[in-house]
Amino acid sequence: MISKNIRLRLYTSLILLSLFLISIKFSFLFIYILIIFGVLSAIESLSISEKLFNKKSYKFLLSLFLILYIFSFCYFFFIFLNFFQLKIILYCLLIGCVASDIGGFIFGKLLKGPKITKISPNKTYTGAIGSILLTALVISIFFTLYIGPFNYNVIILSIITSLGCQIGDLFFSYLKRKAKIKDTGNILPGHGGILDRVDGILLGMPSGFVSLGFLF
Numbered sequence: 002m003i004s005k006n007i008r009l010r011l012y013t014s015l016i017l018l019s020l021f022l023i024s025i026k027f028s029f030l031f032i033y034i035l036i037i038f039g040v041l042s043a044i045e046s047l048s049i050s051e052k053l054f055n056k057k058s059y060k061f062l063l064s065l066f067l068i069l070y071i072f073s074f075c076y077f078f079f080i081f082l083n084f085f086q087l088k089i090i091l092y093c094l095l096i097g098c099v100a101s102d103i104g105g106f107i108f109g110k111l112l113k114g115p116k117i118t119k120i121s122p123n124k125t126y127t128g129a130i131g132s133i134l135l136t137a138l139v140i141s142i143f144f145t146l147y148i149g150p151f152n153y154n155v156i157i158l159s160i161i162t163s164l165g166c167q168i169g170d171l172f173f174s175y176l177k178r179k180a181k182i183k184d185t186g187n188i189l190p191g192h193g194g195i196l197d198r199v200d201g202i203l204l205g206m207p208s209g210f211v212s213l214g215f216l217f
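2 is the number of the first residue of the sequence shown in this note's numbering; add one for each residue after it.
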């Protein structure tokens, strides 16, 4: 039987997916969503810094780093949306990052297996492999449909993107564990805060995008 938390997670995911599909059609909506997610993620990052350190200088430095990174990510995303080809690539990578999260969740829940690290007890090796496999499948499909003929470098791109997502997820899990908090917020039922959902994307998309210059 599906637990209440998983049901909430599924419902929220369907709503987010619907918003994403609508925003593909209406770019202005995606920009508004990007701004809202960016601001809320920055606010949630401040709460992590506040609970993580006692020294004000450490709080300031971590807060500054996270806020600058988040807003830089949103700024470049916004700029790239103005170029059709770059927009297609961004959407492809974004969907790949979502697939990485879903693949890790499904494979991890179904197959379980040994844990990767104590930083995030729910992360398993089977989940990590599932993340890579589903990311490779999804990016390969979208790449072939919207960008160009299939190239084996797409698999390498998918692996780099998925690993970036997983490292980003682990990084924020480490910060939350040190700050002794489970979630960065509760705005997304079943998921937690905005930062809980975009933590992997914040590193996965830049990793994939940078790797494009070396692979293609």
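Every residue gets a Cβ at the ideal spot worked out from N, C-alpha and C, and that includes glycine.
Keep in mind the model is a prediction, meaning the values are calculated, not measured.
Here the segment 133 to 143 does not lie against the segment 176 to 188, with fewer than 3 beta-carbon pairs under 8 Å apart. Between Phe173 and Leu196, the C-beta spacing is below 9 Å.
Nearest neighbour of Lys113 by Cα position, chosen from Gly131, Ile36 and Ile96, turns out to be Gly131. Judged by their CB atoms, Arg198 and Ile120 are not nearer to each other than the 9 Å cut-off. Fewer than three beta-carbon pairs drawn from the segment 96 to 111 and the segment 59 to 69 are found closer than 8 Å, and the two stretches are therefore not classed as touching.
A direct Cα-to-Cα measurement between Ser48 and Pro122 gives close to 22 Å.
Annotation: Asn154 to Met206 spans about 16 Å, alpha carbon to alpha carbon. Secondary-structure assignment with DSSP links Lys116 through a beta bridge to Thr125.
Boundaries for Asp200: no alpha helix (DSSP H) harbours it, and the DSSP string shows neither H nor E there. In the DSSP assignment, Leu189 forms a beta bridge with Gly193. When the five nearest sequence neighbours on each side are left out, the beta carbons in the same chain lying within less than 7 Å of the beta carbon of Ser46 are those of Ser64, Leu67, Ile68, Ile71 and Leu196, in order along the chain. For Leu82, there is no enclosing alpha helix (DSSP H), as DSSP marks it with neither H nor E. Between Ile160 and Leu95 a beta carbon distance of about 17 Å is seen, past the 8 Å cut, so the two are scored as non-contacting.
Leu30 and Leu17 have their C-alpha atoms roughly 13 Å apart. Look at Lys56 here: in three-state DSSP terms it is coil, with no helix or strand label. Our two residues, Lys124 and Phe108, have alpha carbons roughly 10 Å apart in a direct line. Setting aside the 5 residues that flank it on each side, Leu20 has no residue in the same chain whose C-beta is closer than 6 Å to its C-beta. In this structure, Lys88 lies away from Phe77, with their beta-carbon atoms at least 9 Å apart. For Tyr153, no alpha helix (DSSP H) run applies, since DSSP gives it neither H nor E. Inter-residue distance for Leu146 and Tyr59 is about 47 Å (C-alpha atoms, whole angstroms). For the pair Pro150 and Val211, the Cα-to-Cα distance works out to about 20 Å.
Around the Cβ of Ile23, a 10 Å sphere holds fewer than 16 other Cβ atoms; the residue is exposed. One Cα belongs to Pro115, the other to Gly128, and the distance between them is close to 10 Å.
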